[in-house]
Structures are given as C-alpha cells and as structure tokens.
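Colleague: With UniProt numbering, letter number 885 in the sequence shown gets 885, and the count goes up by one each step, no holes.
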Amino acid sequence: MPAIQSPPGRILQLEMENFKSYKGHQLVGPFKDFTAIIGPNGAGKSNLMDAISFVLGVRTGQLRGSQLKDLIYAFDDREKEQRGRKAFVRLVYLLDDGVELRFTRTITSSGGSEYRIDNRVVNWEEYNGKLRSIGILVKARNFLVFQGDVESVASKNSKELTGLLEQISGSDELKKEYEELEEKKASAEEKAALIYQKKKTIGAEKKLKKAQKEEAEKHLKLQEELKALKREHFLWQLYNIENDIEKANEDVDAEKNNRKDVMAKLEKFEHEAGKRKVEQAKYLKEIAQREKKIAERSSKLGKYQPELLRLKEEIARIKSKIESSRKEVDKRKKEKGKHSKEIEQMQKSIKDLNEKMNELNERRQDSSGKLPMLDSQLQEYFRIKEEAGMKTIKLRDEKEVLDRQYHTDLEALRNLEENYQQLINRENDLDEQIERMKSRQKEIEDSSSEYKNETTSLKKQLRSLQEKHRDARNASEKLKTRIAELEDQLSDLTAERYENERDSRLTQAVESLKRLFQGVHGRMTDLCRPNRKKYNLAVTVAMGRFMDAVVVEDENTGKDCIKYLKEQRLPPMTFIPLQSVRVKPVLERLRNLDGTAKLAFDVIQYPLQIKKAVLFAVGNTLVCDDLDEAKRLSWTGERFKVVTVDGILLTKAGTMTGGTSGGMEAKSNKWDDKKIEGLMKKKEEYELELEKVGSIRDMQIKESEISGKISGLEKKIQYAEIEKKSIKDKLPHLEQEKRNIAEESRRINVELSKSRAEVDKRNTEIRKLEKRINEIVDRIYKDFSQSVGVANIREYEEKQLKEAQEVAEERLNLSNQLAKLKYQVEYEQNRDVGSRIRKLESSISSLETDLEKIQKRKSELKELTEKATNEINNWKKEMGECKQKSEEYEKEILDWKKQASQATTSITKLNRQINSKETQIEQLISQKQEIAEQCELERIALPVLSDAAEEEDDSDGPQYDFSELDRAHLQERRPSARDKMDAEFRQKIESKSSEIERTAPNLRALDQYEAIQEKEKQVSQEFEAARKEEKQVADAYNTVKQKRYELFMEAFNHISSIIDKIYKQLTKSNTHPLGGTAYLNLENEDDPFLHGIKYTTMPPTKRFRDMEQLSGGEKTVAALALLFSIHSYRPSPFFILDEVDAALDNLNVAKVAQFIRSKSCQAARDNQDAEDGHGFQSIVISLKDSFYDKAEALVGVYRDVDKSCSSTMSFDLRNYAES
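1. In or out: glycine 369 buried (at least 16 other Cβ within 10 Å) or exposed?
2. Have a look at Leu622, Glu417, Arg1157 and flag the residue whose alpha-carbon is nearest the alpha-carbon of serine 753.
3. May I have the straight-line CA-CA distance separating leucine 1122 from glutamine 82, to the nearest angstrom?
4. Taking its Cβ as the centre, do 16 or more other Cβ atoms sit within 10 Å of glutamine 1109, making it buried, or is it exposed?
5. Within 10 angstroms of its Cβ, does leucine 1082 collect 16 or more other Cβ (buried), or is it exposed?
6. Applying the 10 Å Cβ sphere with the 16-neighbour rule, what's the burial state of glycine 708?
7. Exposed or buried, which one is aspartate 1138 when buried takes at least 16 other CB atoms within 10 Å?
8. Please give the ranges of any beta strand (DSSP E) in the region 1084-1123, keeping only runs that are unbroken, at least 3 residues long and fully inside the region.
9. Cysteine 561 by DSSP, collapsed to three states: which one?
10. How far does the beta strand (DSSP E) with lysine 23 in it extend, from its first residue to its last?
11. Among residues of its own chain, excluding the 5 on either side of glutamate 950, which ones have a beta-carbon nearer than 7 Å to its beta-carbon?
12. Taking CB distances under 7 Å as the criterion, tell me whether leucine 1123 reaches chain C.
13. Could you give the first and the last residue of the continuous alpha helix (DSSP H) run that contains isoleucine 989?
14. I'd like the span of the beta strand (DSSP E) that includes methionine 1209, first residue to last.
15. Can you give me the Cβ contacts of glutamine 461 inside the same chain, cut-off strictly under 6 Å, excluding the 5 residues immediately before and after it?
16. Let's test the definition: count the other Cβ atoms within 10 Å of the Cβ of aspartate 33 and tell me whether it reaches 16, buried, or not, exposed.
17. Sort Asp1141, Glu918, Met573 by Cα distance to threonine 1116 and report the nearest one.
18. What are the boundary residues of the alpha helix (DSSP H) that isoleucine 52 is part of?
19. Which residues in the same chain have their Cβ closer than 7 Å to the Cβ of arginine 978, if we skip the five residues on either side of it in sequence?
20. Tell me which residues share the same chain as glutamate 765 and place their Cβ nearer than 6 Å to its Cβ, disregarding the 5 neighbours each side in the sequence.
21. Span of the alpha helix (DSSP H) holding isoleucine 72?
22. Taking the beta strand (DSSP E) that glutamate 114 falls in, what are its first and last residues?
23. Looking only at C-alpha atoms, which of Pro1131, Arg1004, Glu890 sits nearest to alanine 1051?
24. With DSSP as the reference, label alanine 36 as helix, strand or coil.
25. Grouping DSSP H, G and I as helix and E and B as strand, with all else coil, what is leucine 1074?
26. Going by DSSP in three states, proline 732 sits in which element: helix, strand or coil?
27. Just tell me which of Leu226, Ile52, Ser171 has its CA closest to the CA of serine 991.
28. Are there 16 or more other CB atoms within 10 angstroms of the CB of alanine 254, so buried, or fewer, so exposed?
29. Under the assumption that valine 1040 contacts tyrosine 178 (Cβ atoms under 8 Å), give the Cβ distance between them as a whole number of angstroms.
30. So, at 8 Å on beta carbons, what are the nonlocal neighbours of isoleucine 710 in its own chain, with the 5 sequence-adjacent residues on each side left out?
31. Whose C-beta lies closer than 7 Å to the C-beta of leucine 1213 among residues of the same chain, with five residues either side of it excluded?
32. Less than 7 Å separating the beta-carbons of alanine 509 and threonine 621?
33. How about isoleucine 11 and phenylalanine 31: do their beta carbons lie closer than 7 Å?
34. Compute the Euclidean distance between the alpha carbons of serine 109 and glycine 1175, then round it to the nearest angstrom.
35. Taking 7 Å as the threshold (C-beta atoms), are leucine 430 and glutamate 744 in contact?
36. Alpha carbon to alpha carbon, how far is glutamine 718 from glutamine 884? Give it in angstroms, no decimals.
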C-alpha cells in the first residue's frame, strides 16, 4: 500500500531567543538538504535539537526539563529566580513553491506556551493541524530521533514494537474505545448466558415437577400393596412361632428327665474320688514330715558350710604366709653367705694393700740418690742458690700466699663437688623411690577396684540368692495352689465346652493345612475372639458361616487347600484370601451412636495381619445390649444390620432371626477354646517352674560360699587401703624432700661455678709467678748448670722433688684405703645377720602348728557335713517312695474326676440345652410380641379369634385367626424350606420397599407445576432482551476492531515491505553487494495490535538472529533500518537525528551517511514515487568526520566564553564537493 504523501518543503532557518544555553537572539542556518551539526561535547548541539523539537510542539518532559521555565536561559540560580523572563523559538519552513511558513512557540513570563503561525497567535489544535498538514506528526515524533532513541528501539521487545507501530498508524487512538466496547461485550455475553442458564434451570425444574406428580400417584398404590404383603408375612410368622413354642416345650421336658439320670452318676463318681483323696492325704503327710527333717538338716548343713569356707580360706592364708616366710629365710641365708664372702674379700684386700705399702717404701729408698758435685762446685751451688733466693724472695712470698689460697679454694671446691654429687645421688634415689611408690599405689588401686567390683557382684549374687532362698520356701506351695486353681478352672471350662465330631475333624484338618502350606493363618475362631465374654454369642451370629472360615494369604494358597481337602475326603471349608478379598470401609459415624451400640468389628480382638478378614466377616454390623435399641437402629431412619448380645439378628430388610435352636449358643462357646489352651499352657509352665525350684540346701551352700568370698575380699580391700594410706602419707614427704634437694642442688651448683672460676683464677696467677721466678733462677743458674753438665739444674731439682711428692701421695692414699677397709671389716664382723633368720624360722613353726589345728577342725566339719548329707539323701529316697504312692492315688483321683467331669459336662450340656430351649421359647414369645408391636406401629390389623375384651391372656396373648393364610403356608415345613419361604416373603417386601423408595414422591408437585410455567414465560422475555443488547454491543465492537485492524495493517504492510530494501542499502558493501536481510513477523495475524511483532535481521555472512543476540553496531544498523522504514510510512519533510552513529564503526558510519545523503539530495526529494521510500531533508548531529563530510552544509556549535552561552556558525560544503 502506498505511503501517505507529504507536501514538499524543508527547514530554512531557526531563530532563538534565550532558549536553554543560547543567550539573546540568535539565527541558525540556513539549513540545506543534508546538514550536519557539529561541535565539541557540551557546546549545545543537543540544545539546538531541543529547540527544533520545542517549536514543533514536543512536550517539556522529552526536552530534559520538568517545566517550561527550565528551558529559559539563565546564567546562574539568581537569574533563574528572576521574574518576567521569556524565550521563544521560530522555525522558518520553506515550501517548494517559495512560500515561507513561520512557526513560533513562546515561553511567556507566566510560564505558559504561546503558539504563532506567521506572527498570528493560534491555539494548539490549529498549530498541530498545520504541522500535520505538512506531514509532521508531533505525537508519533516521525521527524525526530533523540540521542539514545536508536538504542531504545534496538532494545524494544515485541509488544513495545507493536505499541510503536500503533502510534505511527494512528490505531492507538481507537484503543480506549476498543477496550470499553470489549468490556461491554463481555458483560452483555455474561448477562445473556446467566439468563439462558436461568431459563434452562426453570425448564428442567418444570420437567422434574411433572415427573414428581406421576411418581406420587404410583407411590400411593405401591404402599397399599406393600401393606397387604406384610400382613400376610406377619400372620405366617406368627403361625410358625406358635408351632415352634409347642415343640420346644416338649423338648424341655425330655431333657430334664435325662439330666436327673446323669446327676445320680455324678454323685457316685465324686464319692469314689473322695475316698482316694483320704488315702492320698496320709502319704502327703509323710512327705511333709520328710521335707521338714530335710529342711532342718539342710539348715545345719548351711551353718557348717560358711565355717568350712572360712577354715579353707584360713588354711590358704596360713600356707601362703608359711611359703612367703620360707622364701624370706632362704633369702636371708643367701645374704649371710654373701656377707661372709665379703668379709674374706676385704681381709684379702687389706693384705694386698700392706704388700703395696712395703713395695713403696723400698722404692723410695732406691730413688734417694743425688747429683755428685765437687766441694768448690757445691759451695758455688749454695752461693748461687742463696743469690737466686734473695732475688726471688718477694715473688716466692707472693706465690706462697697464692698457693695457700689456691689449696683452700681447691679444698672448698672438692667439698662442694662431693656435696653436689651426694645431692644428685639422693635425688635419683628419691625419684626411684617415688616411682616405685606410685607404681605400687596404682597396683593397689587397680587390685582394690577389682576387689570392690568383685565384692559388689558377689553381694548382688548374695542378695539374689537370699531373696531366692526366701521365696523358695513358699514357692512350692504357691505353685501347687496355682496349679490346683488352674485345674478347677479347666474343669469348669471343659465341662462347658462343646465340640462334636465334625468340629474335631475340622480342627485337625486346619492343623494339617498349616503344616503343609505356607500362608495358612488358621480358623477365625483360633485367630480372633471377642474382647468381652458377653459378646461371644453376638459375634458368633454376626460372623455367621464365616466363623469357621480359614484365613489364607492369597487365592493360590486357598486353591491348594481346597485341592488337599478333596484328596483327603475332608469336610468342605470356606477360605478368606487376604490379598484379594474385597471389604467395605468402616463407617466412622457408626462409632459415635448413642446408647450401647458398637461396631462388631470394634469388640473383636485380632492380629493386625487378619484385619481385612475380620472386616469381611462382620462388615458394618452393630452390636447392642437390648432388643428395643436394636429395633430402633435397624427399622427406623437409616437402617443397619444389628445383633443383640443374646444373639438376635435384625437385618436392613426388616427380618429378625434369633433363638438357640440352631446351636448358636453352643457354637459361641468355641471362643473359649483359646482360653482353655492358654490355661493348659499356663499349668504346664507352673509345673516346669515347680521342677526348676532348686534345693534349699544347695542355695544355703552357695550363699555360704559367697559370704566367705566376700569376707576374704573385704579383708584384702582393708589391707590395700591401709597400704594405700601409708603410701599416700609418705609421698608428700618424699616429694617435699625432692624439692628441697633440687633447690639445694641449684644453690650448690651456683657456688660450684663461682668456686671453679676462683680456682682457675688462682692457678693462672700462680703459673705467672712461677714463670717469672723460673726465668730469674734460670739466668742465675745458667753458667753453673753448664759447669756441672746439667742442662738446667732447676728443672733437675724440681723433677727429683716431684718424684718424692708422688711417692708420698701414693703412700698416703694406700694408708687411707687400708684404714677404711679395717673399719669396714670390723663393722661387718660385729653385724648380726642370723637373728632375723632364727626369728623367721620360729614364726614358720608357729604357723605350721596353727595349720594342723585348723585342718583337724576342717576334717571334723567335713565328717558332720557328709553325715548330714547321707541322712538327707535317705529321707529323700523315702520321700520319693511316698510321692510315687501319692501320684498313683492322684492318677486314680484324676480318673474319677475325669468321669465326674464328663458327667458334669453332660449335665452342663443338658442344662445348656434346657436353657437354650427355654431361651428359645422366650425369644419366640418375644418375637411374637415384636410382630404384634410392628403391626401396631405400621397400622396393620391382624385377624383374631376372640373379641377385643377376651384378647389378653397371661401366657399366650391374643389368639390369631390363621384361616386367611393359603393352605400351602399352613403346611409343616423343614427349617430350610421355612427359611426359603421367609426369604421369598422378604424378597417380595424388599422389592416393594425398594420400588417405593425409588419413587420418592412429592405430593405438592401439582401446585408447584403451575408456578413454574409462569416463571418460565417471564425468563424467556428477559432472555430475548439480553440477546438483542448483546448483538448491538457486538456490532459496535466489531466495527471499531475492524477499523483499528485496517489502520494497523496498513502501516505494518508498508513497513514490512520496505524494511528489507532499506536494511540492504545500509549493510551492502563491495565485499557484500547484496547486503543483509530483515523482515517483520506478526505473532498473531487476527488481532495483531494485541500481540507482538517479531523483528529479525540477518547481517551479511551471518544467520538470522533476534535483536538481543546482535552486537551493538548491528543493533544500531537494524534499529536505523526500522526507523527509516517507519519514517517512510508517515514521511515528514525533514528528519532530525541526534548522534545516531555513536555505536557504529567507520565503515557502518559511512554506509549510514551515504544512505542519508541518497535520501536527502535534490534528486531523491524530487522522486516521490521511488520504490524504496521518499526523499527528505536531513539534519544530523554527529562527531564523526566520516559522517559529516558527506553533508551539504555544516552548522558549527561552540561555547562563547565571553557571553557564557552557546553560539553557531554555518558553512556551505556544496562548493567543495568531490569531483
């Protein structure tokens, strides 16, 4: 579709006064077809663009100001606050026919806008209309691209592109009306739908009322038929009840005669059992006497045992002491021998030292020879020696003083060293002693802890044995008493138990199945039981035939069991497979009923694994105490299956079954089977416990042994504590002594260091004096030494002196050793070593004497113990014989009791049967009364033989007339046939009742039917009115929608058809002459303005990509292509661009500049029918020379420092075009 044509023209120049950074009156221009605005950052280029935008009616918020006053030039804040400030911008627009249009927008002193066209004041509507007439759409801004708009377009999503296109196409002007009509349309449709639904509901209600009318008539007819059927059924029931009462009375008389005969037999059996008990009592008395004697002997034996243990422990202690004393004697004897050898060794050492002393004396005499000299030489020697002595006398005196001091210090040093060594040795000894004591203390603590633990354990054992000993005295009698009580209970239960031959076979068969097949749990009677005895009969009736059912894990186990029963020709059984059985859930509300009613499921005890089987057997059957409550639950309101505690069953259909003629009471006694088994098992346990009660004598022996061990351990603990306390007292003293020695050692060590330093110092001084003295003496003796033939006579004399000194020192050392050995020999000879040995030997002799006495006492006690043990064994043997006799009588008594029990069982059975029959009669009479009450409740009249005054009878009640019954109903029938007949009656009654229940009549339906018809007519009129209103709103909505659709699609079709061509022009180059590809897609073609527009581009050599996946430069080129395409739909005569090349490289800048030039030149402006768009005047702000060098003119913007404002200058480039 062709784009809208705009009248040709262009901006000629721009006048400004005090607008933003432009002070005073300034003229900008003239503007050529392609004009570039250049200048440094901050000079005012964008303010120039804002001026053009301002005069063309763009809002203040888009011009970087919050209000119009912000657009007026102000040097500082003070000038900005001045009143009366004004500003204006005038745009001179030149049409192609040479006519000039002047658009002026003024900011008044009051802060408002004033619009003028050719100096004529106009309003905004006229001003905007004039701009629109020359192709300038202010709202759509089709003439202007602000700084950042390119990036904004590049980052728009699909919905935002749709909004941009709606502005360009003008379809957004219909948006508000479209939305209002859409809302009205939805409201009208909802209203019509509601009225239609109301109409539909009334129609259905009308149909329902009509059916209810017919149902009511049918209901009344069925009620009459049901009443007649129930009358016949009740009459038939009464006839059978009276016959059953008569038969039951005859059976009771027969059973009473049988009971009389059995009671006579029972008296005989009890008499025989009594005689046997008298004989048994004699032997039991003998047994008691023997047990008393055994107890007395055991008591004595128990007294001997602790003494034996004590003696045994004393013997062990004395033996241990004797052994340790002997070891000590051996040790002392060895030490005595060693002592003698040491004396001999010392005497030998004294002899050796005397010999060495004699040798030394001889050697001293041999070495006493002197140097031979002449008299003259000797006189010369003494003179020289005297001269040397005179010259060195002072030095010798000093040396003598130093020698004395040195020897004094050396002696002190030796004393200190000896003391220090003694302290070190003592400290080591203390360390060893402390370590030994600590080690011993730990050993004592460990052994004491072990003794204590063992004592505690033994005391526990002793307490346990004492308690057991106390309990054992009465345990036997208690156990016998319990066993007797259990036997009485078993006798009672066994007498009441009833089990025929078939039940016995079934029990054996189930046991066989449990052994053969895994997954057989057992019979219901064995697996569960009522939680109270009063519910036995009720649960039996509730379970019915499932009482003897066998619970199995799954169907396959059940099939295997059935196959086994067939093969063994065993009675048939019912099986309940847990995995596949279907059960109805428990109705929780039945657990909250008033009165005594409870779920049968809740009064049964069962293992968790058979829960499904129990629930299957009883379902939601209720159990209650009395019949009246059962009737209320079963026959009024919501009906339930109810069983009373005396076994009367009431079904939902209204039937009632009761009595014990079918053996239900006898069958209910099976629940006691498990109790009997439990009592039998308990009796066996008591008998085992009686056997396990050990001998009291053995307990006493064990108790004495443990007491002896405890006594020994307590003594050991006592000794250990004494030793531990001694060590604990000694350790602190040793530790303190060690600390004192350490302190003394540190002190002596300091003194020792000082003394050594002093000795070394004295020695050094002495050596220095000796050296000086020797030098003087050597000079004096030099000539004399040569004359006597000695190298140095001084050294010769010193050597002789040294040898004499060494001999003297060695002699002194030998004398000291000799004196020390003599003293030691004298001490060792005087020391008494044998006294300790004699003392130990005497102690051993005393201990051996004590040991003999104790062993003698032990032998005496042992003989007494053996004698008592033999007596106890003899009495036990006699007691065993008495027990054997007693057991024989016990066996006979049990046989007689068994026969008496069987007779009692027979009597109980007869009593139960008599009671059962009497109960049956009472129940039959009760049933008769209930039927009469039911007839009275349901207003059913039964025929009677007597008048109303004669109806009441004390025993039988009214006499009913059964002649109305069919002859077939009056015939005598077996119970199965009677049940079948009763079931037929109940089936008919239930069928009629179900049919009546299905009718659910509404007798007021006729009156309601007419009202429904009137209501239907009224709603039909409302529905027609709503449909008419809905059609009107829908037509208006579709008209606006179509108009909006056409405007939007007109713009979209134009832009989508031209965008690819423009994008190719912007991206083609010498290397890629075809350029890239771009296209627009609608997300929804039916309602395009409600959904997004997908803009996709494919730069050269790249694949199609969404805008967000392109680089910055690629996004800018794609956005420019879209802007130029949009501009071509609503073309303005000029296009103002602010730094659209900011994100482009030089190559793309040149391409964009070339494209703008191709659209801005005169040839393009003249060619308005070109396929690729329309020519337009371009005013571009750019900082890149590769862009603005393509322009026809330049407008330079700079900052006038003198005026502190922006100024411009123009430059025409057409004269400098490239050739």
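Beta carbons are placed, not taken as given, at the ideal position from N, Cα and C, and that holds for glycine.
Model, not experiment: these values are computed from the prediction.
Modeller: If we stick to the structure as given:
1. Start at 1 with the first residue of the sequence shown, and residue 369 comes out as number 369. A caution first: glycine 369 carries a pLDDT of 46, below 50, which makes its placement in the model too unreliable to give a value.
2. Within the sequence shown, residue 753 is the residue found at index 753, counting from 1. Per the Cα distances, Glu417.
3. On the sequence shown, position 1122 is the one that residue 1122 refers to. On the sequence shown, position 82 is the one that residue 82 refers to. Approximately 45 Å between the Cα atoms of the pair.
4. As a working mapping, residue 1109 is identified with position 1109 in the sequence shown. It counts as exposed.
5. Residue numbering aside, residue 1082 sits at position 1082 when the sequence shown is read from its first letter. Counting Cβ neighbours within 10 Å, leucine 1082 comes out buried, since at least 16 surround it.
6. Here residue 708 refers to the residue found at position 708 when the sequence shown is read from its first residue. Looking at its Cβ environment, which holds 16 or more other Cβ atoms inside 10 Å, glycine 708 is buried.
7. Taking the first residue of the sequence shown as 1, we reach residue 1138 at position 1138. Burial call: buried.
8. 1093-1098
9. What you label residue 561 is simply residue 561 of the sequence shown in a count that begins at 1. DSSP places cysteine 561 in helix when its eight states are reduced to three.
10. Residue 23 sits at position 23 when you count from the first residue of the sequence shown. Looking at the DSSP string, the run of the beta strand (DSSP E) that includes lysine 23 is 22-28.
11. Sequence index remark: in the sequence shown, residue 950 carries index 950 (1-based). Low confidence applies here, because glutamate 950 scores a pLDDT of 47, under 50, leaving its location unreliable; read the following figure in that light. Correct list: empty, nothing qualifies.
12. Any reference to chain C falls outside this structure, which holds one protein chain only.
13. As a first step, residue 989 is located in the sequence shown; it is residue number 989 there, counting from the start. It spans 975-999 - the alpha helix (DSSP H) in which isoleucine 989 sits, taken as one unbroken run.
14. In the sequence shown, the residue the question calls residue 1209 occupies position 1209. 1205-1212 is the extent of the beta strand (DSSP E) around methionine 1209.
15. One-based indexing of the sequence shown puts residue 461 at position 461. Closer than 6 Å at the Cβ level, and outside the excluded window around glutamine 461, lie Ile706.
16. In the sequence shown, counting from the first residue as 1, residue 33 sits at position 33. So aspartate 33 counts as buried.
17. Along the sequence shown, one-based indexing puts residue 1116 at 1116. Comparing Cα-Cα distances from threonine 1116 to each of Asp1141, Glu918, Met573, the minimum goes to Asp1141.
18. For the purposes of this step, residue 52 is taken as the residue at position 52 of the sequence shown. Start and end: 45-55.
19. Stepping through the sequence shown from its first residue, residue 978 is reached at position 978. Cβ neighbours of arginine 978 beyond the five flanking positions: Asn240.
20. Counting from 1 along the sequence shown, the entry for residue 765 is found at position 765. Result list for glutamate 765: Leu402, in chain order.
21. Here residue 72 refers to the residue found at position 72 of the sequence shown. First-last for isoleucine 72: undefined, no H or E at that position.
22. Your numbering for residue 114 matches position 114 in the sequence shown. Its beta strand (DSSP E) spans residues 113-117.
23. As a first step, residue 1051 is located in the sequence shown; it is residue number 1051 there, counting from the start. Alanine 1051 has its Cα closest to that of Pro1131, out of Pro1131, Arg1004, Glu890.
24. One-based indexing of the sequence shown puts residue 36 at position 36. Strand at alanine 36.
25. Here residue 1074 refers to the residue found at position 1074 of the sequence shown. Of the three classes helix, strand and coil, the one that applies to leucine 1074 here is coil, per DSSP.
26. As a first step, residue 732 must be located in the sequence shown, where it is residue number 732. If DSSP states are grouped into helix, strand and coil, proline 732 belongs with the helices.
27. By one-based count along the sequence shown, residue 991 stands at place 991. Ranking Leu226, Ile52, Ser171 by Cα distance to serine 991 puts Leu226 first.
28. In the sequence shown, counting from the first residue as 1, residue 254 sits at position 254. Classification of alanine 254: exposed, given that the 10 Å Cβ count is below 16.
29. Here residue 1040 corresponds to residue number 1040 of the sequence shown, with the count starting at 1. Here residue 178 corresponds to residue number 178 of the sequence shown, with the count starting at 1. 5 Å between Cβ atoms; contact.
30. Taking the first residue of the sequence shown as position 1, residue 710 is located at position 710. Around isoleucine 710: Thr455, Leu458, Lys459, Leu462.
31. Translated into positions along the sequence shown, residue 1213 becomes position 1213. Hits under 7 Å: Ala1191, Glu1192, Ala1193, Leu1194.
32. In the sequence shown, the residue the question calls residue 509 occupies position 509. In the sequence shown, the residue the question calls residue 621 occupies position 621. No, these two residues do not count as a Cβ contact at 7 Å.
33. Reading the sequence shown from its first residue, position 11 is the one you call residue 11. Reading the sequence shown from its first residue, position 31 is the one you call residue 31. Yes; because the gap between Cβ atoms is below 7 Å, this pair is in contact.
34. Here the question's residue 109 lines up with position 109 in the sequence shown. Here the question's residue 1175 lines up with position 1175 in the sequence shown. Each residue's alpha carbon lies about 40 Å from the other.
35. Here residue 744 corresponds to residue number 744 of the sequence shown, with the count starting at 1. Here residue 430 corresponds to residue number 430 of the sequence shown, with the count starting at 1. Contact: no.
36. Here the question's residue 884 lines up with position 884 in the sequence shown. Here the question's residue 718 lines up with position 718 in the sequence shown. C-alpha separation (whole angstroms): 54 Å.
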